[in-house]
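First the structure, in the form of structure tokens, and then the observations on it.
Residue numbers (our numbering): 114 to 1139.
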């Protein structure tokens, strides 16, 4: 790989490193002295800048030239396009790089910032200034004097002062020549012939190792001072520019007397080092030279060559006699670190001796660092205005620090003197970007005086500081803040409209308009409140009513006047204090409760609910009963009503009284309500037959009666109400032939089939009536005798049949095979006598047999209380039983007949039979059936009355309240046979084989019975045969 390729790769590598650090360099070449608005380059294209479409920019792409305040830039950069143009200020290489006369390059450097911060980078542009031939070479003087001794040998050389050309390269000095007169016929390079010189002198050019061209005058003929002591010629110097530039000077040669030995320096090249702080007069170097001549020709004169710089002539002095070089003026290494002094030693001869003294000025830390601030954000009156919303890494200025000293004395560090939210980010050597390091907050600090300190590494170090003022521009970044985020207020109700509640206040950390606050009610605020936008005074515009609303909670907003405005909300809670302005209110003006008649004393009747719209003591309500205190009590706090009596619906069906409610306010308020307590029926009465009036009665059924005609009816009543008084009738025995049917609702007994001869005679129907009470149905049984015949010719005979039928077991049908009197009265009498005799014998036999077998069993049953008490007392016994209901009836006082009743399931599903053992008293007396006492009938009773049991629930407005007795009533035993007169008392009372229990001593009620007799089924009962 050649040197050029290696250099190129190194440059590319360095460029990549610089690019990764956020800084780039770009080199351009530009000729000096270009006119204005000449395009030099395009940064956007030359840097290959491309924008990432996924990265949003806060502002358009911008190229900003960074230069020191007060500097006059030599180029300008179009901010939008990045194009670089020349300005009216011409670029002068010789001015920019004064003192550079060699081939060294001359550069002009500027920095350009690429904005915004999302794509920020700092580009250092180096312009290589190309030299043009804009300067002509000039001699030090227009007249050049040279002395040459007369005995100078031919071809001897004498130095001619060199010309100076600020241009470099080919534009610099290229050759010298002696000009011929215009009439001269001949011209040769390096020499001329004229009338005065007559080819005496020629000119030659010697190029030094440094590249300088020194003219030398050559003696071409023998000189004779006596013949001619002065020669005047014209010398020309020319550069290599296109077109070339030149200048001339008068060269005057004086021929002097002979001195044929030149001084000789001990050292021709001397190099010394002198500290730059060496005082004036300090010896730099002592030159030594000798001359072989004697006398005046041996006197050596030291002097500086006119080829040394004017700066060196100003700074150094040489003693002409001793050759001691001293410091004439203070040295400054930064002005020129090296001085080359050409010292000539002459003894008056034509050719002086030459020595070169190189003076190296060593560095002393005598220069403080310099700080150059170039603003990226243009200052206003010397102060940078920066928004507090400026993002991190916002570039503010380019800080360039320099130290003219060398080595460590010139190594500079840059920093800020205290903790500020800014930092210096290195980009190039001795160049730093001042940028934001943290987020700014106007409310915390409104301005910063940043002291930037540059310190070198000398011993002791020298420091320089610069102040940079940054003012933070306030942005509306602070919402108002309430002094209380939750504002709690209390106000009595019934206030006057416009009453001031409180003053709401908030603060805003911003300034100016950003801190101006307006107060606004939130959207949830009721219209009853008003808030002054300016003062924040909250008022109630209308009277408050705690009973309508006891608490208000709404938002209030504090909004500033910034752009855009910011706002904060607080919660206002207004508690309305109670005043006793409301009377207690019952939930109903009238309360209706329904309680069962068996509810025990002090059981719960119902609950009275009363409210008071007030609160606290004003709502503490006490209840009392105004009338009816003898029958009921009420809990003054809970409102629970309890009876202090026992109920009997049959005696009194409802109670009415007033309840008073009084609150606990200082000025008490009260109200009353009507309470009605309805006593609901309990199924504690069993049905009572009214028709037939006696078990010994009978009805004539003519044989001519048509099927479907009503032959008789039964009717029963029940002292209960509702479903407990709903009755159903059925035939459970005596209708083996299916000749009759009964309507279960009306009790009408109708003829089902046409009467035939075999149907004539007496029929005994066992009729059962039961109510629909819950939880258990109560029932009663009665006998209906139907005599089927054309007429009743002998009523005594029929009565006798009826009487004898009463002695026949219930399970045995009566009237089968009897012959009507119309057929044969005698036969009837005989058959009756025989049948009666057989019946008496059979009854006596069966009674004796069963009694002998059942006596032990009966005692066991009585002992275990597992069988029913089958007695049929008369009306007097009924009263005795009420008084002595706890006493057991002695079985010794009764003569019991035991009758077996058979039951079989006929084909007719509506036909019922009972199978069981009945205990029937022997000493029954024939009495007429007791008439039903209508005075005991409840006033609400009707045969088709609605089911009042559906209304057992209380009509109290408390829907969840259930009326339940606190103390259950123990069940009472009931008899199962209707206590009709003795001539109608013969029926067993069990509806089934289930166990029943009674909860009342009322003989008409049936709730529980136990039928544990030995029911037998000797054989089926055959249905009617035609």
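Ideal Cβ positions, reconstructed from N, Cα and C, are used throughout, including at glycine.
task: List in chain order: all unbroken beta strand (DSSP E) runs of 3+ residues lying wholly within the region 260-297.
output: 270-272 and 286-292
query: What residues match up with residue 254 in a beta bridge as DSSP calls it?
result: Answer is none; residue 254 lacks a bridge partner.
- prompt: Just checking my contact of residue 528 with residue 136 at CB under 8 Å: how many whole Å lie between their CB atoms?
  reply: No, residue 528 and residue 136 are not in contact; Cβ-Cβ is about 19 Å, not under 8 Å.
- prompt: Mapping DSSP to helix, strand and coil, what is residue 487?
  reply: strand
field: Segment contact, 8 Å Cβ cut-off, at least three pairs: the region 550-560 with the region 513-532
entry: no
task: Measure the C-alpha to C-alpha separation of residue 775 and residue 731 and round it to an integer number of angstroms.
output: 10 Å
- prompt: At what residues does the alpha helix (DSSP H) containing residue 638 begin and finish?
  reply: Where residue 638 is concerned, there is no enclosing alpha helix (DSSP H), given that its DSSP letter is neither H nor E.
Assigned secondary structure, residue 906 (DSSP; H/G/I helix, E/B strand, else coil): coil
- prompt: Over what stretch of residues does the alpha helix (DSSP H) that includes residue 423 continue unbroken?
  reply: 423-428
Inter-residue spacing [alpha-carbon to alpha-carbon] between residue 870 and residue 837: 43 Å
message: I'd like to check one pair, residue 693 with residue 726: are the Cβ atoms closer than 8 Å?
response: no
Where the beta strand (DSSP E) through residue 546 begins and ends: 544-549
- request: Could you say if the region 626-642 and the region 669-678 meet the contact criterion of at least three C-beta pairs nearer than 8 Å?
  value: yes
query: Ends of the alpha helix (DSSP H) at residue 206?
result: 206-209
task: Measure the beta-carbon distance from residue 262 to residue 385 and round it to whole angstroms, keeping in mind my assumption that it falls under 8 Å.
output: Not really, about 33 Å apart at Cβ, beyond 8 Å.
query: Taking residue 240 as the reference, which of 612, 204, 248 and 902 has the closest Cα?
result: 204
task: Give the DSSP-derived three-state secondary structure of residue 219 in the structure shown.
output: coil
- request: Could you tell me the boundaries of the beta strand (DSSP E) in which residue 317 lies?
  value: 314-320
field: Separation of residue 888 from residue 847, as counted between CA atoms
entry: 30 Å
Sequence-distant residues of the same chain with beta carbon closer than 8 Å to residue 268, five excluded per side: 331, 332 and 333
Among 482, 792 and 861, nearest to residue 826 - alpha-carbon criterion: 861
- request: List the residues that DSSP assigns as beta-bridge partners of residue 665.
  value: 687
query: Which stretch, first to last residue, makes up the alpha helix (DSSP H) that contains residue 158?
result: 156-159
query: Any idea what DSSP makes of residue 325, helix, strand or coil?
result: coil
- prompt: Would DSSP call residue 866 helix, strand or coil?
  reply: coil
message: For the region 230-250 against the region 151-168, do three or more pairs of beta-carbon atoms, one drawn from each stretch, fall closer than 8 Å, so that the two count as touching?
response: yes
message: Just to check my reading of the structure: residue 245 and residue 144 have Cβ atoms closer than 8 Å, yes? What is that Cβ distance to the nearest angstrom?
response: 6 Å
message: I'd like the list of long-range same chain contacts for residue 272, defined as Cβ closer than 7 Å, with 5 residues on each side in sequence excluded.
response: 327 and 329
- prompt: Taking the alpha-carbon positions, what's the residue 667 to residue 615 distance?
  reply: 14 Å
query: Which one or two residues does DSSP pair with residue 791 in a beta bridge?
result: 707 and 767
query: Does the pairing of the region 804-817 with the region 760-778 give three or more beta-carbon distances under 8 Å?
result: no
query: Under the three-state reduction of DSSP, which class applies to residue 170: helix, strand or coil?
result: coil
- prompt: Skipping 5 residues on each side, what residues in its chain have a beta carbon closer than 6 Å to that of residue 518?
  reply: 476, 478 and 480
field: Cβ-based neighbour list, residue 394, same chain, cut-off 8 Å, excluding 5 preceding and 5 following
entry: 439 and 440
task: Leaving out five residues on either side along the sequence, give the residues of the same chain with a beta carbon under 6 Å from the beta carbon of residue 1198.
output: Residue 1198 cannot be examined here, being either before or after the span of the chain that is shown, 114 to 1139.
query: What residue does the beta strand (DSSP E) around residue 809 start on, and which one ends it?
result: That residue, residue 809, is in no beta strand (DSSP E); it is neither H nor E in DSSP.
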